[in-house]
Structure formats: C-alpha cells, structure tokens
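These notes are about the structure you will find just below.
Protein chains: 2
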Amino acid sequence: MKAITLREFGGPEMMQYSEVEMPVPGDGQILIKVINSSVNRPDVIQRQGNYPPPPGDSEILGLEVAGVVESMGANTSRFQTGDRVVALVGGGGYAQYALALQDHCMSIPQSVSFEQAACICETYITAYLNLFILGELQGKKSVLIHGGGGGVATAAIQLCKTLSPETEVIATASSNKLDRVRSQGADHVIDYREQNFADEIRQITAKRGVDIILDHIGAKYLEPNMKSLALAGTLMLIGVMGGIKAELNLATMMVKRQRIIGSVLRSRPIHEKAAIIDQFESSVMPLFASAKIEPLIDARFPLKDAAQAHELMERGGHFGKIILSNQD
Amino acid sequence: MKAITLREFGGPEMMQYSEVEMPVPGDGQILIKVINSSVNRPDVIQRQGNYPPPPGDSEILGLEVAGVVESMGANTSRFQTGDRVVALVGGGGYAQYALALQDHCMSIPQSVSFEQAACICETYITAYLNLFILGELQGKKSVLIHGGGGGVATAAIQLCKTLSPETEVIATASSNKLDRVRSQGADHVIDYREQNFADEIRQITAKRGVDIILDHIGAKYLEPNMKSLALAGTLMLIGVMGGIKAELNLATMMVKRQRIIGSVLRSRPIHEKAAIIDQFESSVMPLFASAKIEPLIDARFPLKDAAQAHELMERGGHFGKIILSNQD
C-alpha cells in the first residue's frame, strides 16, 4: 500500500509518498481502507521529531481516519466488512489502509460524508473530553477558548453552542479570523495580538472571570489565564505552544479554589479512550447525523501531496480542517 | 459573655479574656453554649493579622465549637434547646457562646464527648473534603500526606485507613513524630528534614508515584510534589506555609495528565459548606460514634489561657488537637 513516510524528522520536504507493507489487524483490531484522513497540529510536531507515537502505534503520521472496514482481527464483532467507520488512531492515518482498535471506531451516520467524518475524531473528541467530561461544562457557565480559528477551538465553540446553549463563549483569535470565529457561535471575540485578553475577560464578565479556559498555549498564558478564571474555575491545559515553564501563584489558586488540569488524548490508556469514544458516540455523533454540527473544511489534498497540506497548516492561514484523500 | 479578643494583631500576648456582647441568632442560625472549642493553625495566622474571617462572620478566633443549643433564630427546626451539637463556624469559637448556621451543625453522638466533638469539624472535614470529595480517593490508590503530625494530616491518615483500607498511605513528618505518625496508620513515613521526599516516593512506589498528594506547604514543595505524582495524579493544595510562587512545568503536567486543585474550606459559599457537612455527617460521623476513629487530643487549656494554647501550637511539639474549655 501507499503511505506518507519520513526520510527523517524535519520540514514538510521530508515527507514522501512511499510503498509500505500493508498492516495486519491483530486482536481487537480492524483494518480500514482509508477514504479520508485529516491533518492535525500534532502531526506537524511529530514530523519535526518532537511527538513520538505511543508504544505499539504506527510510526506513520495521522491521528484519525474515515473509510470502510476491509478486514477484521480476532475478537472483533462490532463491525462487518464494508461498514463505513471513523476511527481515532494513535498513528497511521496518512496511508491507504490503517489499523484501529474496534473500540476506537464509530459508525459513520448515512448523512455524513467520509470527508466530514474524517474531521470528527481528533478535534471534536478533544474538545468534548476537555470541556464536557473533564471540565464538567454545563448550563450558565462561561468559557474562554484560545486560538478560536484552530481545529479544536472551532469544534469547542460549536459543541458549546449546541450542547450547552446557555454557556457564554469567549474566544481569542487573530484579527483576520475574528469574524469567522464569531460566525461559529462565539458570543465575544478578542484579538489576542491587539488586546490584553485578561483585561477583556475582566470587562466582559464584569470582573467575575470565566469558569473554564481551554488553553493550548501554556507558559506564556499561565498568568493571564489564572487572572481570567472565576472562583472555582478550571484551566484545561491541552498544549504548550507558548512555552513550558511559568511561575504559578499558589496562594491565589488556593483562595480562589482554582484548578489546573493537564490533558492529552493520544497517550491515554486504550480502555480510557474507548470509554471517551463511547460517551462521545452517544452524546455528540447524533448532532453530526442531524447536521446540527457541521465540520468546517478548509482544503483538500490527495494523500501524495500531504507535504503541501503541512505547508498550509504551518502558514496558519487556514480556517477549518485540512483533509487528505485517497480518491484522487 | 467572656471571649478571647485581640488588643491588636500580633503574638499570643495580644490575646485577652474579655467581656463581650452576647451574639443573637439570626435567620437560620442557632446560638451554642460552647463547652469546648479547639485551636487550629489558621487561628494563629488570623491572630497575626493575615487571615481575616469571611464577611459576616465573627472577628473572634475559633473555627469549630462543641456545646449545647442555647437558643434558635428564625427558620430553624433541625435542633432543639439543649441538643448536643458540634459546628463548623467562620469565626467566634473562642467564646462562651457562638453562633452557627443550623446547616453547619451536626448532632454529637451519645458516645462522643464534647472534647472529642470539638476536634471533628475543622480537620476531619478538611481532610474528607479534599481527599474523598474533591480528590475522589477510593480503592487501591496511594496518597502522600505532608506534615503527618498536623491536625488535618492526622485526620487524613485516619480517614484513609478507615474509609479506604486498600489505600497506601505515605506521610512526611519530622523525625520526632515518625513513630506516632506510623501508629496512626501510615504505611510509610518519610523524615522530611533528613530525606528527599521525592526520591523516597519514587522508591516506595517503584517509580509509579502517588495518586493524590495533600499539601499545605505550597511553593517550596511544588516541584518535588509534581515529580512525586503518578500519571493522572492530583495535587490537593490546601496551604502555602512554604511560600506562594513557584515555577510549574506545564509540559510534564499535560503529558502526565496531572491536576492541581486549590482548596479552602472557610471561605466557601455557605450552601457548599452545608452540602459538604451533610455528606460528612452521613459518611464519617458514624465512625466517631462507633469509635472506629478517635480524635487525638494533645493538650487542654481553659479558654482564658488560650494564649498558652497558641504558644504550644507555635512551638510545634504537639501531636493531636489542642482543646479549649469553658468548664474550668
């Protein structure tokens, strides 16, 4: 089969469309003929050599695939050959065939295309896990979502407005994306380059602060994030793109009863991922089936041109998912 | 009535036994004739001028009282005059009479003395809230409790061994208290002055780390605490005796899915405190009634000698509660 492999870690030019061995499904696994996969920010970091796959997962890039069941390993009964499925995978998405644990797969509703399905697993499950399962978001709360134009952030805004319409959603974004972020459902947008977001949050919330922050920036935002949190608020930390180490004021955190929760999806134990996907399938998949939520797609590339897809992601001008296709 | 008042903030010599006005129970409040109250570390910090009571609470020191119901305000029906009660109060414990919200009171079981009852509210509720309600401790987990000789720590060790016997309890203490901490039920003790606790935790847990840390030290311990936490472990931060600001490694925290939860009891909204006390009364009070847990009492002083009680607490040589009494 064909897949994208890396000559070595580095820039997009290291990515090559190669012939590799077809994977064989093991215990509890199914082999998926990939129709579409998608590009996520962690793929870029993995390509650069800074985000190895969990032990046992494919070294090939790609965290989510949509396609049809090609064959099944031992102890698999949930799907049949030919079923349309979408899967969260620890790696291996940039290929014509990919292995997935059956418990990490979901059926694709009839009304959802493969392209749309390929947008669901990484970003929507990450947003759902962090805001709704771990963050316990519901009702009249307020949430701050950083980088509102990004994949997880867009998914987070859509999920908030659909699953918890009373929630006040504030998003930061760069000036050229503010309007589009607002059109996704954000009640307030903050231009993070031109405005001090902690000051804006203070004003928007009448000094109260927000209940939950979804942050992928890390160190650079730690202090203004903690300032922006309400009493008993939670900072969900899902990335460190703005640095690793920062000073924390523990007295304020204690008196205000605030929380910081570190969270990743990819390296969680497989049974935990299965439980998360199970909850997601019953709570969120029906929203795709009924088109209450529609994934935003920015661009499509044939799998062989995955390097161009990475160049687009690294330029950062996209809004919505970048899709790879095996059907060209 | 008599009460301990402060000439001004400062050392124990500022405490005086004075005549003050008797408080009058308001809506939802009861007036308790205090038989015993007890001394807690926050009382010392409040005496020094660094821990003001929540708005509306008495300026008089003292966070817990045991006694009998003297009279009742409007909208109170849970207790009757003469009932033996113990109460968590925002202030006012160092007095002959104290006000409490009826929802912050519990009946004292027949087999429990007023002295014992006066030991229950502040330390055991704090330990229960942070380990069992917020920390979700149960089953085969491991816990690190700092300052094992302190009031909250002793309560925490006892609660772990009684409510969750499978839990592995590790406590730090100074060398002269190690044996007594072990006798309270700690499976392992670490001499925090002579040993590097993070190294010891690594060895005791075979590199896994502990699931929960109960910490009142703060900044000085942040780095070794985070090193000592297992995957998905939680640092419960309930004090900052060792400093306020410290550097946090956000990348490690994210990848290891760790949590920091800031927590205080005193300034929580009164309805939250009522809910915590309600849960405590059904889950933990029966353990006192059946003597499965017995509060440790180190020393007793007449209320008028509260300054001596503070001197003892500040010297730090005590092990167990320091009780104040109105019956001498």
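Read top to bottom, the protein sequences are chains A and B. Position 321 of the first sequence, counting from 1, maps to 321 under our numbering, and the rest follow consecutively. Position 41 of the second sequence, counting from 1, maps to 1041 under our numbering, and the rest follow consecutively. Beta carbons: idealized from backbone N, C-alpha and C, even for Gly. Every value quoted in this text rests on a predicted model; they were computed, and no experiment measured them.
Check, Outcome
"Between residue 1039 of chain B and residue 267 of chain A, how many whole angstroms is the CB-CB distance? I'm expecting something under 8 Å.", "No, residue 1039 of chain B and residue 267 of chain A are not in contact; Cβ-Cβ is about 47 Å, not under 8 Å."
"Count the CB pairs spanning the segment 1102–1109 of chain B and the segment 1071–1084 of chain B that are closer than 8 Å, and state whether there are at least three.", "yes"
"For residue 222 of chain A, which residues in chain D fall below 9 Å Cβ to Cβ?", "Of the chains in the structure shown, none is chain D; the protein chains are A and B."
"To the nearest angstrom, how far is it from the Cα of residue 228 of chain A to the Cα of residue 18 of chain A?", "48 Å"
"Measuring CB to CB, does residue 121 of chain A end up less than 7 Å from residue 99 of chain A?", "no"
"Determine the contact status of residue 1057 of chain B and residue 1091 of chain B, defining contact as a CB-CB distance below 7 Å.", "yes"
"Starting from the Cα of residue 951 of chain B, find the closest Cα among B:1167, B:1003 and B:1226 and give me that residue.", "Any question about residue 951 of chain B goes unanswered here, given that chain B covers just 1001 to 1328."
"On the three-state DSSP scale, how would you describe residue 124 of chain A?", "helix"
"Run through DSSP, which three-state label would residue 241 of chain A get?", "coil"
"So which of B:1030, B:1300, B:1113 and B:1104 has the shortest CA-CA distance to residue 1075 of chain B?", "B:1030"
"In the DSSP assignment, what residue or residues form a beta bridge with residue 1054 of chain B?", "According to DSSP, residue 1054 of chain B bridges with nothing at all."
"Within the 7 Å Cβ cut-off, does residue 254 of chain A reach chain B?", "yes"
"Check whether the Cβ of residue 276 of chain A lies closer than 7 Å to any Cβ atom in chain B.", "no"
"From the DSSP output, read off the bridge partner residues of residue 89 of chain A.", "Answer is none; residue 89 of chain A lacks a bridge partner."
"Verify the CB distance criterion: does residue 1260 of chain B have a CB-CB separation below 7 Å to chain A?", "yes"
"Just to make sure I have the definition right: I need the residues of chain A whose C-beta is within less than 9 Å of the C-beta of residue 1218 of chain B. Which are they?", "250, 251 and 254"
"Cα-Cα, which of A:315, A:222 and A:250 is closest to residue 235 of chain A?", "A:222"
"Would the segment 1033–1051 of chain B count as touching the segment 1297–1317 of chain B if we require 3 or more Cβ pairs under 8 Å?", "yes"
"Between residue 244 of chain A and chain B, is the shortest Cβ-Cβ distance under 7 Å, so that the two count as touching?", "yes"
"Using only the alpha-carbon positions, how far apart do residue 1054 of chain B and residue 1264 of chain B sit?", "12 Å"
"Quick check on the DSSP output: the beta strand (DSSP E) that includes residue 1024 of chain B runs from which residue to which?", "Note, residue 1024 of chain B: premise wrong, no beta strand (DSSP E); not H, not E."
"Within a Cβ cutoff of 6 Å, which residues of the same chain sit near residue 67 of chain A, ignoring the five residues on either side of it in sequence?", "32, 33, 34 and 35"
"With a cut-off of 7 Å, does the C-beta of residue 1041 of chain B fall near any C-beta of chain A?", "no"
"Just to confirm the assignment, what range does the alpha helix (DSSP H) spanning residue 1310 of chain B have?", "1306–1315"
"Does DSSP put residue 262 of chain A in a helix, a strand or coil?", "strand"
"Do residue 169 of chain A and residue 143 of chain A have their CB atoms nearer than 7 Å?", "yes"
"Quick check on DSSP: helix, strand or coil for residue 1187 of chain B?", "coil"
"Tell me whether residue 1025 of chain B is buried or exposed, calling it buried when 16 or more other Cβ atoms sit within 10 Å of its Cβ.", "buried"
"Is residue 1189 of chain B close to chain A, meaning its C-beta is less than 7 Å from at least one C-beta of that chain?", "no"
"Taking Cβ to Cβ, would you say residue 1324 of chain B is nearer than 7 Å to residue 1288 of chain B?", "no"
"Which residue's Cα is closest to the Cα of residue 243 of chain A: A:218, A:309, A:233 and A:249?", "A:218"
"Let's test the definition: count the other Cβ atoms within 10 Å of the Cβ of residue 1291 of chain B and tell me whether it reaches 16, buried, or not, exposed.", "exposed"
"Given a cut-off of 7 Å on the beta-carbon distance, is the pair residue 360 of chain A and residue 61 of chain A in contact?", "Because chain A is modelled from 1 through 328, residue 360 of chain A falls outside the range shown and cannot be assessed."
"Under 7 Å, do residue 232 of chain A and residue 257 of chain A count as touching if we go by C-beta distance?", "yes"
"Would you list the residues sitting across from residue 37 of chain A in a DSSP beta bridge?", "A:65 and A:324"
"Quick one: which chain B residues come within Cβ less than 8 Å of residue 359 of chain A?", "With chain A covering only 1 through 328, there is no way to say anything about residue 359 of chain A."
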